[in-house]
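Single-structure report; data block below.
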Amino acid sequence: MKNKFMIIDGNSILFRAFYAMPPLKTKKGQYTNAVYGFLNMLYKLIDDYSPEYICVAFDPKKPTFRHIQYTEYKAGRAKTPDELVQQFGLIRSVLNTHNIKCIEIEGFEADDAAGTLAKHSKENGMSVFLVTSDKDYLQLVDDDVKVLLTKKGVSNIKEMNRAQINEDYEIEPEEFVDLKALMGDKSDNIPGVGGVGEKTAIKLIKEYHNLDSLYEHIEEIKGKLKEKLENDKMQAYMSKTLSKIVTDIPVEIDLNEYKLQEADGQKLLKLYDDLEFKNFKKRIKNVSIDNSNAISVEDTQMSIFNLEPTNTKQNIKTKDLIIIENINDDKFVKLKEEIAETKKISLKFLLNGERSLFSNAIALGISPCNENIYYIAIDKQNQESILEGLKDILLDESIKKIGHNLKSDIIYLEKNNIELKGINFDAQVAAYLIDPAENSYSIDKLSSKFLDLEIPVLSDYIGSGKSKLSFEDIDIEKKKKYIFNYIRSIVYLEQNIIDKIETLNMSSLFYNIEMPLVEVLANMEFTGFKIDTHILDELGSKFNKKLEILESVIYEMAGERFNINSPKQLGVILFEKLNLEVVKKTKTGYSTDIEVLDKLKDKHPIIEKIIEYRQLTKLNSTYVEGLMAVVDKKTHRVHSILNQTITTTGRISSTDPNLQNIPTRTDDGKEIRKAFIAEDGYTLVDADYSQIELRVLAELSNEEKLVDAFKQNEDIHSKTASEVFKVCIEDVTSTMRSRAKAVNFGIIYGISDYGLSRDLNIPRKEAKEYIENYLGYYSNIDAYMRNTVEQSKKDLYVETYFGRRRNIPELSSRNFHIRSFGERIALNTPVQGTAADIIKIAMVNVYKKLRDSNLKSKLLLQVHDELIIEAATNEVEIVVDMLKHEMENVVTDFKVKLEVDINVGDNWYESK
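So the sequence shown is numbered by this note's numbering: it starts at 166 and just counts up by one.
Right, here's the structure in full:
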């Protein structure tokens, strides 16, 4: 077998790590986030690929031959942030401590050094792995050279070999440099051929393979493309020269210098202490993982290339997976005995589908949270007996239940008439609370982040895309391995994550709001919302007739028939045939998005009809046809997925279908709500917080004028209008009030004068005056906003009234636009997040009250600031009183009382 040589593009990975990680720094003020991310990736690569040789290539500080050839090379790049600059020297020092050699060649870039080293290595019989985020490296791929391309930060890596490049680009690796010659590279300011993008470039290279062949056959190409290619021929060849990686730099190479060696454990320990990298200390141990997945830890020879999951408060050693054949198995008895001792279980039902509501379990992984993990196969024949055998444990509130995405397990059990009690810890929810901006809280991501434990991702077991399988379709050993890794990770994660939550002072938020909410959302999702399909059918017919009429009117105005849904054809009609002013262009032609159409409203009557056509088309496809497709055929209910771990502000979201987005602004949109009905013998009760975000703003800013206005039951928007427009409140017009309303809510979202001018279609100067008048009158809000931004720049995070935290790394950016975005986040998160916390507390309290009172009424849906309950007809009065009391008394120490508007009706339209 060939030795493996791993060559890492130091600049590329350090840059990627810097922007992927939050702005970590030591107590002494040394920024370390890029180095931390780099090391995380380095260790993962060494663990995964076990290279015998390793090297990190860096760009030199001085200009290279490319800068001399083309003075505009890489011109226009933003200045490297100081916080990153200071980490370049640090990473070299860190790599030196690891005995990993760095290479830097004057006059050449890191990719040239890597290319030269790769060529030399493969000529000496090695397999080469190039690690980078730069696609230029793909030109070096051959049978002995692979590129490990980082995607989405530094944790997600895609291995690019010849076959993968063929699949992704439909060209050969050696043709990649010609592709870049045509399409250019904005990041390096390589021009390419003007007007030729990636799609066109790939098409040309697929046919002609390289520039020389392309220009030999230039007569075969027609129209504007031929003109572009001819005009920029010299530019194309120059771009090829700039894009081509040099693989024959005349330097002496001694491969022995790049052998991967053990590091000095004491030096590493000091390094981790200096950098405050506590999580990496565990690598200074010899940890062996055998084929049976048993973990044993020995404090002997130091090695940085292995791993022990961190668990500071539990000394857990995982033995072999224990298989339980049936409930009469002695091992089943042993499991229950162990649970009686530990009073805790970690569990996960393995399903044959993606949603537990529509799936069956095929296995159960369960651990008493000691050293044992049990696996129980489930099928139609034994499901009932297994669940019955575990029922006393599942119902026992004194036995703590921990898991990951417990909502799925709760729904599965609820479907089988078992209530899961004693829900204590959900790793997914806990990790979300720590950092709500992550794009995934999958078990493998959490294991990597909190434990430095790399486990296979879900797609490693069941594939992805069109070839994705069900767990039912994979072999038993894969199922066992998946369950083992899943349960093991949950057990290790619990204390690790809880420690972090305690450090961030969010324990109360976690245990009193987020964890109880898991059960609430599971129950709501299981219950679903009843749909009258006859109403949807009628609406579909009505909308289709209206669309036909609109089509005829639009065709008549345009003077011809065309595809109204085609932006390209619509653009030709509007801007070439009707000669309307071009507002915006895209790469493919004229933009006809809603922003453009809004600006053209007064220019031609066809615009209003097109907007109406689009709105109606979306209503019909998304809400009529879309809802019909997901209605349960037996119960006639839709079961939206209620997401607890998606939004960065803490709000709950709804998907498949999104019931929070049912349109309300148009009459046609409101009609959709008529299809949402109550079950026979029930009615809908809708409770909506009144102006909750403005009330929260009044509390957080201690703005007495706003507080007094609420206490006096004044019309807040009219009051604001009188101050903004300097008129008596009696003289406030509907237009003034509407604009003041936009200012009131715009302030919450940190709106700028430009944003307000765009929203209200007024001059920017006028919008600025509105905001200044507003903040002049509500001076405490002005002070609160300034103080919030100032403090958040120091902390790089903000908190809600209840302590929910959101990190804002954007505030440390040197880029003005990114930093401004961070400031808007700092302003709106405390208000939005506090409002989200209030509605969550209300949901938990209402759900508990309904359950404890043994009422038949059920919580159905949460939409922003409103709760919808399907109330038994004889319980409506009780439910109304209970909703008002529970929702209005979530907080009792606000200066402004929370108020709730309640309506009752047979369908959602009537109850809103």
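Glycine is no exception: its CB is placed at the ideal position from the N, C-alpha and C atoms. Keep in mind that this is a model prediction, so the values were computed, not measured.
- Residue 808 is bridged by DSSP to 818.
- Close CB contacts of residue 314 within its chain, under the 6 Å cut and outside five residues either way in sequence, are with 323 and 325 (chain order).
- Put simply, the segment 328-340 touches the segment 293-309. At least three CB pairs are less than 8 Å apart.
- One alpha carbon belongs to residue 891, the other to residue 926, and they sit about 21 Å apart.
- Sorting 721, 610, 568 and 613 by C-alpha distance to the C-alpha of residue 591 places 568 at the top.
- The DSSP assignment places complete beta strand (DSSP E) segments of no fewer than 3 residues inside the segment 565-622 at 565-568 and 588-591, in order along the chain.
- Ranking 954, 1026, 968 and 1036 by CA distance to the CA of residue 847 puts 1036 first.
- Between residue 1043 and residue 1022, the alpha-carbon positions lie close to 10 Å from each other.
- Here DSSP, grouped into helix, strand and coil, assigns residue 201 to helix.
- Straight across, the Cα-Cα distance linking residue 876 with residue 610 is about 48 Å.
- The alpha carbon of residue 994 has as its nearest neighbour, out of 980, 959 and 954, the alpha carbon of 954.
- For residue 1012, the CB contacts under 6 Å within the same chain, skipping 5 residues up- and downstream, are 685 and 1024 in chain order.
- The beta-bridge partner set that DSSP reports for residue 292 consists of 169.
- Rounded to whole angstroms, residue 209 and residue 621 show a C-alpha spacing of 12 Å.
- For residue 848, the uninterrupted beta strand (DSSP E) run begins and ends at 847-854, by DSSP.
- By the CB criterion at 8 Å, residue 200 and residue 259 fall inside the cutoff.
- If you draw a straight line from the Cα of residue 520 to the Cα of residue 573, it is about 7 Å long.
- Remark: fewer than three beta-carbon pairs, one from each stretch, lie closer than 8 Å, so the segment 726-744 and the segment 802-813 are not flagged as touching.
- Burial is judged here by how many other beta carbons sit within 10 angstroms of a residue's own beta carbon; residue 263 has at least 16 and is buried.
- Note that the C-beta distance between residue 1067 and residue 852 is below 8 Å.
- In the three-state reduction of the DSSP assignment, residue 1027 falls in the strand class.
- Sorting 355, 628, 405 and 709 by C-alpha distance to the C-alpha of residue 377 places 405 at the top.
- The residue among 353, 307, 919 and 340 with its C-alpha nearest the C-alpha of residue 235 is 353.
- Separation of the CB atoms of residue 666 and residue 599 is rounded to 6 Å, and the pair is thereby assigned contact status at 8 Å.
- Beta-bridge annotation (DSSP): residue 532 is paired with 511.
- A Cβ-Cβ distance of about 7 Å is found for the pair residue 704 and residue 837, placing them in contact under the 8 Å criterion.
- DSSP lists 172 and 266 as the bridge partner or partners of residue 220.
- Here the alpha carbon of residue 764 sits roughly 29 Å from the alpha carbon of residue 823.
- Here residue 932 is near residue 922, since their CB atoms are less than 8 Å apart.
- Under DSSP, residue 802 shares a beta bridge with 695.
- For a cut-off of 8 Å, the C-beta gap from residue 1060 to residue 872 is around 5 Å, short enough to register as a contact.
- Counting C-beta atoms within 10 angstroms of its own C-beta, residue 1050 has fewer than 16 neighbours from the protein chains shown and is therefore classed as exposed.
- Sixteen is the threshold: when 16 or more other Cβ atoms of the shown chains lie within 10 Å of the Cβ of residue 651, as they do, the residue is buried.
- Assignment of beta-bridge partners to residue 1069 by DSSP yields 850.
- Apart from sequence neighbours up to five positions away, the residues of its chain that approach residue 675 with a beta-carbon distance below 7 Å are 595, 598 and 666, ordered along the chain.
- Within the segment 662-748, the runs of alpha helix (DSSP H) at least 4 residues long that lie entirely inside it are, in chain order, 680-692, 698-723 and 732-737.
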